[in-house]
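For the sequence shown, the numbering used here begins at 253 and goes up steadily by one.
Glycine included, each C-beta is placed from N, C-alpha and C at the ideal position.
To start, the structure under review is shown below, and the notes come after it.
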Amino acid sequence: MISFKGKKILILAPHPDDEILGCGGLISRAKREGAKIYVLYFTAGTTKDFSEKGFSTKEERLEEIKKVARFLKFDGWKIIFPGEDYHLSLDKLPQKTIINEIERGSKISLETIKPSLLLIPHHQDYNQDHRAVGLASVAATRPALRTHKSLQPFVLSYEYSSSHWNVSQNGSDKNFFVELTKNDIAKKLRALSLYKSQMKPHPHPHSLKSVKLFAELRGTQIGTNLAEAFLATRVTV
253 MISFKGKKIL ILAPHPDDEI LGCGGLISRA KREGAKIYVL YFTAGTTKDF
303 SEKGFSTKEE RLEEIKKVAR FLKFDGWKII FPGEDYHLSL DKLPQKTIIN
353 EIERGSKISL ETIKPSLLLI PHHQDYNQDH RAVGLASVAA TRPALRTHKS
403 LQPFVLSYEY SSSHWNVSQN GSDKNFFVEL TKNDIAKKLR ALSLYKSQMK
453 PHPHPHSLKS VKLFAELRGT QIGTNLAEAF LATRVTV
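Structure below.
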């Protein structure tokens, strides 16, 4: 059993709500156990989508982040590329640019936070932004002399309740599970609902009901009621 007490956790989120879809339950449990949570968002721009409204503005997204950060008591957060330039187009950026931001370019980075646990999107996700950040994260966490570069002892790739839609097998490679309480999943769902512009009705895979059902499914895989699953990229003991 791993305790989150005293840990510093950094979450890399390509878009606002990715951190909740992927690890909102872990965030709740970690805060309950005394961890510090930092989130580095990469984009937050105007989005055209399939909701009734049809779009959400960057101003809406920023206000939603603030509400979620207050609710879950984030210890810090930052958006690297606010606005329209790279929203849903992170794959157009040179990978080195993203790597540099993750390593030390931002006030919230690997070198400034020195996280005990780093949470990243899966590098084979179907979404181009998720893939771009995931691949850059793998490069940013490459081994190096500790006198020159800090090492992240735990690196986990998180998933989404829509990760099953993929040509790769990233939905079946999970090997690290975090057991959740009813309160943890309730906080995850509440935080997700604060991203009002992104809410979808059931049976969309990102609906509140789908997200809860997904946590129940992951729970059955470890003989418990609720869980989140991850791919352990690095585990140092």
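Taking the alpha carbon of residue i as the reference point, which residue from the options has its own alpha carbon closest?
i: residue 444; options: 258, 264, 348, 271; result: 271
i: residue 411; options: 378, 282, 404, 365; result: 378
i: residue 398; options: 388, 366, 334, 382; result: 366
i: residue 394; options: 381, 352, 321; result: 352
i: residue 338; options: 376, 330, 296, 372; result: 296
i: residue 385; options: 446, 364, 355, 323; result: 355
i: residue 325; options: 345, 310, 281, 308; result: 281
If you follow the beta strand (DSSP E) that residue i is in, where does it begin and where does it stop?
i: residue 263; result: 260 to 265
i: residue 481; result: 479 to 487
Check for me: the alpha helix (DSSP H) holding residue i runs from which residue to which?
i: residue 388; result: 380 to 392
i: residue 462; result: 460 to 472
i: residue 363; result: 362 to 365
i: residue 444; result: 434 to 446
Mind checking residue i: buried by the 16 CB within 10 Å criterion, or exposed?
i: residue 491; result: A question about residue 491 goes unanswered here, because the residues of the chain that appear run from 253 up to 489.
i: residue 454; result: exposed
i: residue 323; result: exposed
i: residue 375; result: buried
i: residue 321; result: buried
i: residue 292; result: buried
Length-filtered (4 minimum) alpha helix (DSSP H) runs lying within the segment 268 to 339: Qualifying alpha helix (DSSP H) stretches, in chain order: 270 to 284, 310 to 324.
At least 3 beta-carbon pairs within less than 8 Å: the segment 380 to 392 vs the segment 426 to 439: Judged by Cβ distances under 8 Å, the segment 380 to 392 makes no contact with the segment 426 to 439, as fewer than three pairs qualify.
The segment 271 to 288 in contact with the segment 467 to 481 per 3-pair CB rule at 8 Å: At 8 Å Cβ cutoff, the stretches touch.
Stretch-stretch touch, CB-based, cutoff 8 Å, three pairs: the segment 253 to 266 with the segment 279 to 289: Result yes; three or more Cβ-Cβ pairs closer than 8 Å.
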